[in-house]
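If you read the sequences in order, they're chains A, B, C and D.
Position one of the first sequence corresponds to residue 1 (the UniProt record's numbering), numbered consecutively onward.
Position one of the second sequence corresponds to residue 1 (the UniProt record's numbering), numbered consecutively onward.
Position one of the third sequence corresponds to residue 1 (the UniProt record's numbering), numbered consecutively onward.
Position one of the fourth sequence corresponds to residue 1 (the UniProt record's numbering), numbered consecutively onward.
C-beta atoms are modelled at their ideal positions from N, C-alpha and C, and glycine is treated no differently.
Since the model is a prediction, treat every value here as computed from it, not as a measurement.
Only one structure is covered here, and it is reproduced in the block below.
Protein chains: 4
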Amino acid sequence: MDLGMTERVRPLVAAVRRMVEDEIAPADRAYHAEVGRHPSGDRFRLTDRQREILEELKATAKARGLWNFWLTDSERGLGLTTVEYAYLAEEMGKVPLAAEVFNCNAPDTGNMEVLERYGADWMKDRWLAPLLAGEIRSAYVMSEPEVASSDAAQLAFAARREGDGYVLNGDKYWISGAGDPRCAVYILLACTDPEAEKHRRHTMFVLDADTPGVEVLRPMTVFGADDAPHGHMHLRFTDVRVPAENVVLGEGRGFEVAQGRLGPGRIHHCMRAIGQAEKALAMMCGRGLAREAFGKPLAELGANYDKIADARMEIEMARLLCLKAAWVMDTEGTRAAAPWISQIKVVAPLMAGRVIDEAMQMHGGSGISQDFDLAHMWTHVRTLRFADGPDAVHRRQVARWELKRHAG
Amino acid sequence: MDLGMTERVRPLVAAVRRMVEDEIAPADRAYHAEVGRHPSGDRFRLTDRQREILEELKATAKARGLWNFWLTDSERGLGLTTVEYAYLAEEMGKVPLAAEVFNCNAPDTGNMEVLERYGADWMKDRWLAPLLAGEIRSAYVMSEPEVASSDAAQLAFAARREGDGYVLNGDKYWISGAGDPRCAVYILLACTDPEAEKHRRHTMFVLDADTPGVEVLRPMTVFGADDAPHGHMHLRFTDVRVPAENVVLGEGRGFEVAQGRLGPGRIHHCMRAIGQAEKALAMMCGRGLAREAFGKPLAELGANYDKIADARMEIEMARLLCLKAAWVMDTEGTRAAAPWISQIKVVAPLMAGRVIDEAMQMHGGSGISQDFDLAHMWTHVRTLRFADGPDAVHRRQVARWELKRHAG
Amino acid sequence: MDLGMTERVRPLVAAVRRMVEDEIAPADRAYHAEVGRHPSGDRFRLTDRQREILEELKATAKARGLWNFWLTDSERGLGLTTVEYAYLAEEMGKVPLAAEVFNCNAPDTGNMEVLERYGADWMKDRWLAPLLAGEIRSAYVMSEPEVASSDAAQLAFAARREGDGYVLNGDKYWISGAGDPRCAVYILLACTDPEAEKHRRHTMFVLDADTPGVEVLRPMTVFGADDAPHGHMHLRFTDVRVPAENVVLGEGRGFEVAQGRLGPGRIHHCMRAIGQAEKALAMMCGRGLAREAFGKPLAELGANYDKIADARMEIEMARLLCLKAAWVMDTEGTRAAAPWISQIKVVAPLMAGRVIDEAMQMHGGSGISQDFDLAHMWTHVRTLRFADGPDAVHRRQVARWELKRHAG
Amino acid sequence: MDLGMTERVRPLVAAVRRMVEDEIAPADRAYHAEVGRHPSGDRFRLTDRQREILEELKATAKARGLWNFWLTDSERGLGLTTVEYAYLAEEMGKVPLAAEVFNCNAPDTGNMEVLERYGADWMKDRWLAPLLAGEIRSAYVMSEPEVASSDAAQLAFAARREGDGYVLNGDKYWISGAGDPRCAVYILLACTDPEAEKHRRHTMFVLDADTPGVEVLRPMTVFGADDAPHGHMHLRFTDVRVPAENVVLGEGRGFEVAQGRLGPGRIHHCMRAIGQAEKALAMMCGRGLAREAFGKPLAELGANYDKIADARMEIEMARLLCLKAAWVMDTEGTRAAAPWISQIKVVAPLMAGRVIDEAMQMHGGSGISQDFDLAHMWTHVRTLRFADGPDAVHRRQVARWELKRHAG
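Shown next, in the form of structure tokens:
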């Protein structure tokens, strides 16, 4: 069970770390400062400067061979293992724009994986190729406002068979990335047979984002922020027609596709969260050493030693667990990794949230302000406690696996 | 130690609760929907509609005798005890605009208290009277960006004696309410003698907000939000001249004023936080009963019973501790109440934060979105862990009092 | 809602505190040093010295009028309110023997309450009178080894009607106080009709401890200790005959009696736990000031300030909640107090356990040894998380009450 | 960073697990049932039956080649890595007697390590050889009652130079294993020069346990238990004469020896604690499935799913961190491993304590009684929070390492 950095990935990690710190971090600030400056006033339209910043970085990354790391088992990627990729994801987690620069951003990686594993050849040509090239972006369209989407069997958004295709109707929300003007394709789960057996009710579709009848109602806000231009959109579908060939894998097999999609993405999310926790701990130490009160550096006051120590220990443990989940995925596959992925999905965002919270506290009021990245980091990892299943659902899964081992 | 609602305050609590629920809550939504609609685009200028909403509510409250509840020991107020007021503060905490409607908003109440206790008669005429009438608003100008302001002895913003007055220079930040166009007066702590004994270095000033040389640099953001039009502003003072008569109580007595100011305000903050926790628990239960997953109401799934029970127990305990702090203040005064106030200042915001966080989690992704008040409630109570002293400073105080009891 | 010490109870509290500290604490050490010294080697037989120590203290207490405080609503006691008694219970919690000295020990108080409220006159003459006089002791015989006794409907110990009486068969365990040779009477819950409606299946009996067929199998140990001579015994009943007149209140009404019994006793347990927490905090501070490491008193090292502060805050909150529960019982009765009692039953033992645990840690290895009372205090409060219902059952109750308030 | 089980160790782990479950567990119960049955009544003297049980098991283990696993870098042992050994330690943690059966018990392993690394040849012949053969046992004599021994520089037990030897005077306590009649040798830290530089004050001695002047005052108790016949003894040394040749490594080099000794032992302790946590989780699941209340298995009630899931996640993380610490020790040595060892020393006992505590709670009152191993497991892991440095000292170390990384 080798959880260490391989010789192969070590120089990649170094290159990514350097590029994130030296090039992407400053560019990220410039990019986000542009939000809202589009002449239309629309925060979800990219300014020329934004496109320029992004495309330059992507070109640089590509030129350096730092591209599509996530393609673990494909000949088209670098063929890294999930463990190797995890170390890269940690580095990419430290700056919001970083993952996109290396074409390793969510939800695109998961969507590309769906297309690669389950997509027809024409789907690969039409959508996978430009996604791999970083020319377009995508969204994964699953959650619905009217039901607890954590129990996916309840999802009611309807795809009605009609002629040689389907007609889609309903609302979907928290569709991350659907705000981005470059978002060109949706992978969408719809209910095709509400009477079927629980795991055969739904079907996965691929469709162009500009299919007639699709409407972006509003961005959902995260603690008040719209995350423009990425965005977490509330979409409405009104009589949207999709040809039958756009079905992935087959009618009624939506859950199968969804299951296959979620494993690696959750590992990536968790490793990025760990990257954020490391960054927060570094900031906490830095501030604790730099500021004084009552004649001493903050770090030496009160329980701050303990808080720093706890942060270090929690980060180490969460990282090792993520690496183990990645290793199980590499060696035994997605199904075997599922209990491990549920574990890290609970553990990593909670841990990162705690560490960032303590780092904010060490910064005083500034910690929650625009002067430091901590507030945004915190709200981001807080969303991870809902994304891809809330904590409660994953804990339930872990408990059931455990009890099964001890039952008769 | 009667911590219950008195007969006198019971009808007031009922009236406030009713007005908050039926009139202020809907008005609050309308008011905040107006932010950013001023023709100038300036989010910190009130639209006519905003003024109208607010003034109508205030007139109604005044007409009903629901005004200036906080004036515990004055003939001008209702003469309520702090315990009685605490029950009203809890109700006012449930909607952001509520405290202002009853002229019980921070930081005005604390500032009015300063003027009432320590202000010269001309100060009372000029600033206290219109504040009590709800005609102007005020700010308390203390924290500085360059030092850990929790150790107030470090505050370096300078007031240099010159002729018959002082010249003020420096930056202050997190000045809550200073964004509001109606904010007309500042209570400001400045360093008049950096060489003096630690608690004699600073002096409290009162000055008009539009004194020449005062500049609003920017709003500090709270997890990305500018809290317009209230605002937490970063101010810059450049050669601002203030007459010597604007000193409160006397040069070098700034700490004395600051101490006297902080007691009741902290109790109010805490009781409002408890009101928010109650609201969050009600929302958590409501959602837990209304939504289903895996064939059951969410409330019956996983650890939700325990979470609801823990929330109820934590709220009850925090409320009782706040009421006891209020009772000590009523019966033994501010100095005796200090250890109790430090206790609730740690306990109440942490508790409210936990309860609101669980309520968010019960709501799924919606919980952190604009569709519910929870996200804003959470960020607000998070700021309370910095405001009026961070947790660490209050824990330190509590520990020192405790150890003193057991020393020799 | 007056939760303070009344004028009436204040001198009693002072007298009890003094007697506990000055007389009972040293006697307690002498008493427990005697355990195992009975010539028979039987740890559950009292030595003459033990009887002497105990009877002298009891005589002194009685002579001072410090006796039967718990009799809140009786003419035979002092007629204290539950709130008043709570302050006394806190003091009595500080030394194991104290409650018995004032005839306020568990399970006798609860048993006396049963006899007083529900007992026939002959029962009062035979058992209540000597219990009130401190001449005999009693046990409450409820838990069974074969079922989760927290769901009392499952209790299967059988009482079969036969002739003019009942025949009892089965095992009962964790019968506290049944080891004491002075334990003369049992209040016992048995199943008289397993087919009846859930809350009508059981019947409460009173019977002499030496009724033929009752056998003490063994003492249950608490983290290895047998708590001799009090003891938590495993009893076996084999064809034990009890006359029908020994039924309390009526066949099938056992639950009703059990409910009425449990309220006040839980408050007493909790207040005694709070007394132990106070004692532990005092010890933690004392040790923290007295010992040094790395050139400083332990209290100033690491997170110890925070731990002391947290202990202080948690104790205050738990005490206030207990007092509120007591006040609700005084003013609205047992049924209304039930949700409050469930709350404190969860909160107080957990809190006391945490405080004692931190106090042990501050003492280094000595903290868990015979050199300090902390280890025994900890194991005792740990048992309270099972006694009279485990935490989980009380949390469940609290949650159900809460949800009921918010349902339709 | 291979943290998995190697092919080499896999069969050993299986053999140890089988022997622990099938042979040692029942023998352990028989062995401990014998305590106190020595005709002398002395709980610290072994009965013939005890010797027989132990020696038979040891002979079996030896015959199977399951012996001295811990000798990682010696030609005399199996030459396992620390990572490999860790998996064995986990299995041995599940039953108290197990480690001794395989001659891997504390404090002997650490003491043998001292002798092997730093001992003179005659010391090896005299004490190491019989220790390796399991013929004698040993104690590590360090902690003192009068000072906070976590700051070892304070240790004051005096070794005064006199003639060709030293004279030892003072008290030592918590000397684990010194109760065992087979304990033949002490490794002892004494202060030889209180005026020297902090880390040069102390010297390590080896001496026979029966050296004249050594007195066993009493066993220290752990939550009331004396852990006979192993025992944690309070020793008194009165004018004990030791030849100069019994000094290990040289006068003033005691700290150096102590440092080298502690690394591996802490890893072993932690892995054994993890073994206990695994056992507790298995018991928690077993009980949760076997018992019912309110019509459901306990496991499905309340927050039990979450508790089981949390236990699983915490165990996995703590184990991985221990394995990483072991791996650092294997690849980079004791000094490099120190920060990792401090981390696991905090994490593993705390985690095991929490898991065992929840397992006790799932068992109801039985959980803390003699009917299950949980109570003893809990008190044992609680002692680990003091042994080899209290949590606070290790957290302090972790924080200092972390801050050093971020300082200028």
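query: Do the CB positions of D/ALA309 and D/VAL355 come within less than 7 angstroms of each other?
result: no
- prompt: Helix, strand or coil: which one does DSSP assign to A/THR383?
  reply: helix
- request: Find the nearest neighbour of D/LEU93 within the set D/ILE24, D/VAL398, D/HIS202, D/ALA258, judged by alpha-carbon distance.
  value: It should be pointed out that residue 93 of chain D corresponds to Gly in this sequence rather than to Leu. Of D/ILE24, D/VAL398, D/HIS202, D/ALA258, the residue nearest in Cα terms is D/ILE24.
message: Given the structure, does C/ASP151 come close to the ligand NAP, in the sense that its CB is under 6 angstroms from one of the ligand's heavy atoms?
response: Inclusion of the ligand NAP in the displayed structure is not the case, the ligand content being empty and no account of it being possible.
field: Beta-carbon proximity list for D/ARG43, same chain, < 7 angstroms, skipping 5 on both sides
entry: VAL35, GLY36, ASP226, ALA228, PRO229
task: Select from C/ASP164, C/ASP171, C/GLU162, C/GLY165 the residue whose C-alpha is nearest the C-alpha of C/ALA156.
output: C/ASP171
message: Taking the alpha-carbon of B/LEU384 as reference, which of B/ILE344, B/GLU56, B/GLN397 has the nearest alpha-carbon?
response: B/ILE344
- prompt: Does any CB atom of chain C fall closer than 7 angstroms to the CB of D/VAL141?
  reply: no
message: Output needed in chain order: residues of the region 169-184 of chain D with a Cβ under 9 angstroms from some Cβ in chain C.
response: TYR173, TRP174
- prompt: Pairing CB atoms from the region 233-242 of chain A with CB atoms from the region 259-271 of chain A, are three or more of them under 8 angstroms?
  reply: no
query: Are A/VAL206 and A/ILE187 closer than 7 angstroms when you measure CB to CB?
result: yes
Chain-order list of residues whose beta-carbon lies under 7 angstroms from that of C/ARG160 (same chain, five-residue window excluded): TYR166, VAL167
task: Output yes if chain B places a C-beta closer than 7 angstroms to the C-beta of C/MET271; else output no.
output: no
message: Would A/ASP388 and B/ALA293 qualify as a contact pair, given that the criterion is a beta-carbon distance under 7 angstroms?
response: no
- prompt: In whole angstroms, what is the alpha-carbon distance linking B/TRP122 and B/LEU132?
  reply: 15 angstroms
message: Would D/TYR31 and D/LEU97 be called neighbours here (beta carbons separated by less than 7 angstroms)?
response: yes
query: At a Cβ threshold of 7 angstroms, is D/ARG291 touching chain C?
result: yes
message: Alpha carbons only, please: which of B/GLN370, B/MET377, B/ALA15 is nearest the one belonging to B/PHE69?
response: B/ALA15
- prompt: Rounded to whole angstroms, how far is the Cβ of B/VAL13 from the Cβ of B/LEU88, which I believe are closer than 8 angstroms?
  reply: 6 angstroms
message: Which residue wins for smallest C-alpha separation from C/ALA184, given the options C/ARG137, C/GLU215, C/GLY286?
response: C/ARG137
- prompt: Between which two residues does the beta strand (DSSP E) harbouring D/THR192 extend?
  reply: Per DSSP, D/THR192 belongs to no beta strand (DSSP E) and is neither H nor E.
- request: Tell me whether B/LYS307 is buried or exposed, calling it buried when 16 or more other Cβ atoms sit within 10 Å of its Cβ.
  value: buried
task: Classify C/GLU358 as buried or exposed, calling it buried when 16 or more other Cβ atoms lie within 10 Å of its own Cβ.
output: buried
- request: Anything in the region 224-247 of chain D with a Cβ closer than 8 angstroms to a Cβ of chain B? List those residues in chain order, please.
  value: none
message: Does the structure place the region 272-288 of chain A close enough to the region 386-403 of chain A that three or more beta carbon pairs sit under 8 angstroms?
response: no
task: For B/ASP306, return the contacting residues in chain D, with the cut-off set at a CB-CB distance below 9 angstroms.
output: GLY302, ALA303, ASP306
task: Name, in chain order, the residues that DSSP records as bridge partners for B/ILE175.
output: B/MET233
Unbroken beta strand (DSSP E) run spanning D/ASP391, endpoints: It is not in any beta strand (DSSP E) - D/ASP391 instead sits in the alpha helix (DSSP H) that spans 391-406.
message: Tell me the rounded alpha-carbon separation between C/SER149 and D/MET204.
response: 55 angstroms
The region 20-39 of chain A: positions lying closer than 7 angstroms to chain B by Cβ: none
message: Give me the residue from B/TRP340, B/ASP391, B/GLY353 with the minimum Cα distance to A/GLY364.
response: B/ASP391
field: Sequence-distant residues of the same chain with beta carbon closer than 6 angstroms to C/ALA244, five excluded per side
entry: ASP164, GLY165
query: Rounded to a whole number of angstroms, what is the C-alpha to C-alpha distance between A/VAL328 and A/GLU91?
result: 21 angstroms
- prompt: In terms of residue numbering, what span does the alpha helix (DSSP H) encompassing C/MET220 cover?
  reply: Per DSSP, C/MET220 belongs to no alpha helix (DSSP H); it is in the beta strand (DSSP E), 214-220.
query: Are there 16 or more other CB atoms within 10 angstroms of the CB of D/GLY333, so buried, or fewer, so exposed?
result: exposed
message: Counting only Cβ pairs nearer than 8 angstroms, list the residues of chain D close to A/ARG395.
response: TYR305, ASP306, ALA309, ASP310
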